[in-house]
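The structure under discussion appears below in the form of structure tokens.
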Amino acid sequence: MAASETAAAHPLDELVQSSFVTVHRDSVFLELDLIAGTRVASAFFTFIDRDHNGQIDAAERRAYVSAVQGSLRVGVGGRAVALALDATLWPTDTQLRGGEGMIRLFWHAAMPHAADSDSVVFTLENTHAPVASGYLVNALVDSLTLPIARTTRSWTQQQFALTVVVNAPNGTSQRATASLGGWSRVLPAFVRHGIYHVATGFDHVLFVIALLLAGGRWQRIAGIVTSFTVAHSVTLSLAVLGVIVPPIRAIEAAIAASIVIVGWQAFRVQQHAGTPTCD
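Be aware that the sequence shown starts at 399, since it is given in our numbering, and climbs by one per residue.
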């Protein structure tokens, strides 16, 4: 299994927990990747570093992995199943403290199912660090995976259900029918996260303020803000999907430079507007 890498135009402000589920006939595999954004990385490091000596030793790693595993609830066919730890991959302390490292945890569990059943439902609930986290969950498909009939998840993506076909006829498609719970539940969540994202992204706020200071008709400002939003969405999507992998430091510098340029232009406009003219 391969985990996707996260790229962002500015620092994350939460602990991102990405879960990947792969179901085989007799077993299910779970990978959980944890990335602490720079704004929460220090507190996250301190939480793991129980003796507060500035280093995370083997015992502290085991304790943290045990705490995470205790926050996961896995079920197959309505019955709870136990996870068995396969491997852990840790970044360096410097990376973890700086919000650049990713902790990768791997488990497997038995996949019991009735012999006369055509399908079985796998469920996952993640309750680890709910206050400071953003959750992602998905099912991975490879040549050994059972055909997937349906996936559902809560709007926070803390609860996930996967229906697989265990006695599939030859040629059954592995394409999943995904459901997020309907637009009536998903849209308000995206709006709320979007508002929070913009309000806490100081680069966004400064950029919009600079546009307002520059003045102009409302149609001009609305057009520029809309273009900025579309461009931000497109570039972020391309980065997350791995189509482009821009150097983060260069992007941060470019963002700062763009704010300075727009701010300077706004200042010149205001200065010019306040300069008296001679007829």
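Using N, Cα and C, we set each Cβ at its ideal position, and we do this for glycine too.
What number of angstroms, rounded off, separates the C-alpha of V421 from the C-alpha of R502?
19 Å
Taking just the CA atoms, how far does V518 sit from A559?
10 Å
Can you tell which of A651, A508 and I607 has its C-alpha closest to the C-alpha of L428?
A508
Name the one or two DSSP bridge partners that Q557 has.
E523
Closest to Q415 by C-alpha separation, out of V426, S631, G476 and F442, would be which residue?
F442
Residue from A527, D491 and Q663 whose Cα sits closest to the Cα of A608
Q663
In angstroms with no decimal places, state the Cα-to-Cα distance between V606 and V438.
26 Å
Length of the line joining the Cα atoms of A574 and G452:
Only weak support exists for where A574 lies, its pLDDT of 41 falling under 50; the value from the coordinates is given anyway. Roughly 45 Å between the two C-alpha positions.
Do you know how far the Cα of V564 is from the Cα of D431?
28 Å
If you reduce the DSSP assignment to three classes, tell me which class I454 lands in.
coil
For H511, count neighbouring C-beta atoms within 10 Å of its own C-beta (all shown protein chains included) and say buried if the count is 16 or more, exposed if not.
buried
Can you name the residues that DSSP bridges to V641?
Partner(s): none; V641 has no beta bridge.
Could you say which of F504, V463, T490 and V603 lies nearest to T627 if we only look at CA atoms?
V603
Rounding to the nearest angstrom, what Cα-Cα distance links A434 and I657 in this structure?
26 Å
Do F520 and V419 come within 8 Å of each other at the CB atom, strictly closer than that value?
yes
Are the beta-carbon atoms of L522 and L470 separated by less than 8 Å?
yes
Are S417 and V535 close, meaning C-beta to C-beta below 8 Å?
yes
What runs of the alpha helix (DSSP H), each 4 residues or longer, lie entirely inside the segment 431-498?
439-446, 456-468 and 491-495
From which residue to which residue does the beta strand (DSSP E) around L413 run?
L413 to V421
Using a Cβ-Cβ cut-off of 8 Å, state whether S440 counts as contacting chain D.
No chain D appears in the structure shown, which is made up of a single protein chain.
Contacts around G497, its chain only, beta-carbon distance under 6 Å, and the 5 residues preceding and following it disregarded:
A434, G435, T436 and A439
Taking its Cβ as the centre, do 16 or more other Cβ atoms sit within 10 Å of Q555, making it buried, or is it exposed?
buried
Bridge partners - G532, DSSP secondary structure assignment:
V414
Tell me which same chain residues have a C-beta within less than 6 Å of the C-beta of L494, skipping the five on either side of it?
F443
According to DSSP, is H511 helix, strand or coil?
coil
Between the alpha carbons of L542 and R423, how many angstroms are there, rounded?
9 Å
How should A713 be labelled, buried or exposed, when 16 other C-beta atoms within 10 angstroms of its C-beta is the threshold for buried?
Limits of the chain in this structure are 399 at one end and 677 at the other, which puts residue 713 out of reach.
Taking Cβ positions, are R459 and T490 nearer each other than 8 Å?
no
Contact defined as beta carbons within less than 8 Å: I believe T561 pairs with R551. What is the distance between those atoms, to the nearest angstrom?
Contact flag wrong, Cβ pair sits at about 12 Å.
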